[in-house]
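> Structure in structure tokens, see below.
In the working numbering, the protein residues as written are 43 to 373.
What follows is the structure, given as structure tokens:
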């Protein structure tokens, strides 16, 4: 793959176009569930070369969606600049983009909550203009029923699975019924009418913290209420994902205080939004984990990551599921 990327850069004359100087290096950088990322560098200038393997939003052209989302988000100063898109799939069978490489470290929940609040605030405050309305998928009036639909899709293979533990299937099925019976609460968000660009995937490794902090992975952004990001960011399934910790209530409240100070949003309505939305978020996180566990066991995934498999296995344990499904993000 490294040799193929190097050949691609030469064929497309991207070394010159990106102002790189030979000799350049091409190295593996990171891999998620749906993307592989490589680092291109001449020692002074560096870029991320990103190959896409699937779409969580079920889009026909996932990589184009990411590219145009990142272009719009450049105004925030909190996301990577993007420079190149190739969605033809003639050289690679995957769509690809090239974006800015941002040096730094993943977010540390113990040290970087204030910076995370500022990052979210500066992104969520951006007004939804006509271009955003054309680019982004919208999850507004259907913010809760969309979660239910998503969970139904994720759980369809899970509930039929012969490898997912029976107790886990029962717990997830019961939680799905509860969410189905409570989607009318989305009227709260409709009445509030407070919409932003939300990332929807905000684990610690999707942040880069250096001299300045950035949110880097924009695989599935949507127009929705900011609660989508805040709920997921504070959820135990997220904080445990890469960092193996759970935030206490004082840490969560301090984060929310800093976020409110940044955005000037009304605190009472934000706490109510978190209370309403969080059970739907937790079911979505756990349903995705069960789906991933099932596909790993059946070896149906295009990309695999053993750390992720280990984590989703832990999330399906009976005691963990019980606690997670009744979690309140702010008590």
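Note that beta-carbon positions come from the ideal geometry of N, C-alpha and C, so glycine has one too.
Let me know the beta strand (DSSP E) ranges lying completely inside the stretch 116-154, each 3 residues or longer, listed in chain order.
The stretch 116-154 contains these whole beta strand (DSSP E) runs: 124-128, 138-142.
> Name the DSSP bridge partner or partners of residue 92?
For residue 92, which the question treats as bridged, DSSP gives the partners 79, 139.
> Let's see if you can read the secondary structure: which residues bound the beta strand (DSSP E) around residue 73?
Counting along the chain, the beta strand (DSSP E) containing residue 73 begins and ends at 67-73.
> Under a Cβ-count criterion, where at least 16 other Cβ atoms within 10 Å of its own Cβ denotes burial, should residue 220 be classed as buried or exposed?
Exposed, since its Cβ has fewer than 16 Cβ neighbours within 10 Å.
> Can you give the beta carbon distance from residue 241 to residue 271, rounded, assuming they're within the 8 angstroms contact cut?
Rounded, the Cβ-Cβ distance is 6 angstroms, consistent with contact.
> Mapping DSSP to helix, strand and coil, what is residue 294?
Three-state DSSP puts residue 294 in a helix.
> Is the beta carbon of residue 174 sitting closer than 8 angstroms to the one on residue 251?
No, they are not a contact pair.
> Would you tell me roughly how many angstroms separate the C-alpha atoms of residue 65 and residue 83, rounded to the nearest one?
Taking the straight line from one Cα to the other gives about 9 angstroms.
> Using a Cβ-Cβ cut-off of 8 angstroms (strictly less than) and excluding sequence neighbours within five positions of residue 113, which residues of its own chain qualify?
For residue 113, where only same-chain residues beyond five positions count, the Cβ hits under 8 angstroms are 124.
> Beta carbon of residue 92, beta carbon of residue 139: below 8 angstroms?
Yes, Cβ-Cβ distance for residue 92 and residue 139 is below 8 angstroms.
> Pull up the distance between the alpha-carbon of residue 156 and that of residue 301, whole angstroms please.
Their Cα atoms are separated by approximately 8 angstroms.
> Which of the three DSSP states, helix, strand or coil, is assigned to residue 256?
Strand at residue 256.
> So what's residue 203 in DSSP terms, helix, strand or just coil?
Reduced to three states, the DSSP call for residue 203 is coil.
> Between which residues of its own chain and residue 225 is the CB-CB distance below 8 angstroms, once the five residues before and five after are set aside?
Cβ within range, chain order: 186, 187, 190.
> Return the CA-CA distance between residue 321 and residue 144, expressed in angstroms with no decimal places.
Roughly 34 angstroms between the two C-alpha positions.
> Report all residues from its chain with a CB closer than 7 angstroms to the CB of residue 129; omit the five preceding and five following residues, and keep chain order.
Result list for residue 129: 103, 105, 106, 137, in chain order.
> Need the endpoints of the alpha helix (DSSP H) that residue 322 sits in, please.
Where residue 322 is concerned, the enclosing alpha helix (DSSP H) stretches over 309-339.
> Give the C-beta separation of residue 6 and residue 209 to the nearest angstrom, bearing in mind that I take them to be a contact with Cβ-Cβ under 8 angstroms.
No answer is possible for residue 6: the residues shown for the chain start at 43 and end at 373.
> Can you tell which of 303, 328, 351, 277 has the C-alpha that lies nearest to the C-alpha of residue 373?
The residue with the shortest Cα to Cα distance from residue 373 is 277.
> According to DSSP, simplified to helix, strand and coil, what is residue 52?
In this structure, residue 52 counts as helix in the three-state DSSP scheme.
> Starting from residue 279, follow the alpha helix (DSSP H) in both directions and report where the run begins and ends.
Residues 278-285.
> What's the call for residue 268, buried or exposed, on a 16-neighbour Cβ count within 10 Å?
So residue 268 ends up on the buried side.
> DSSP three-state label for residue 170, please.
Three-state DSSP puts residue 170 in coil, outside helix and strand.
> In the structure shown, what three-state DSSP assignment does residue 266 receive?
DSSP places residue 266 in strand when its eight states are reduced to three.
> My understanding is that residue 263 touches residue 178, with C-beta atoms under 8 angstroms, so please give their C-beta distance in whole angstroms.
Right, the Cβ-Cβ distance comes to about 6 angstroms (below 8 angstroms), so this counts as a contact.
> Taking the beta carbon of residue 232 as the centre, do at least 16 other beta carbons fall within 10 Å, making it buried, or is it exposed?
Its Cβ having fewer than 16 others within 10 Å, residue 232 is exposed.
> Taking 8 angstroms as the threshold (C-beta atoms), are residue 366 and residue 328 in contact?
Yes.
> To the nearest angstrom, how far is the alpha carbon of residue 325 from that of residue 265?
Using only the alpha carbons, I get a separation of about 21 angstroms.
> Considering only the beta carbon of each residue, do residue 108 and residue 330 sit closer than 8 angstroms?
The answer is no: Cβ separation not under 8 angstroms.
> When you compare each of 334, 364, 342 to residue 352 by their alpha carbons, which one comes out closest?
Of 334, 364, 342, the residue nearest in Cα terms is 334.
> Taking the alpha-carbon positions, what's the residue 152 to residue 248 distance?
Those two C-alpha atoms are separated by around 16 angstroms.
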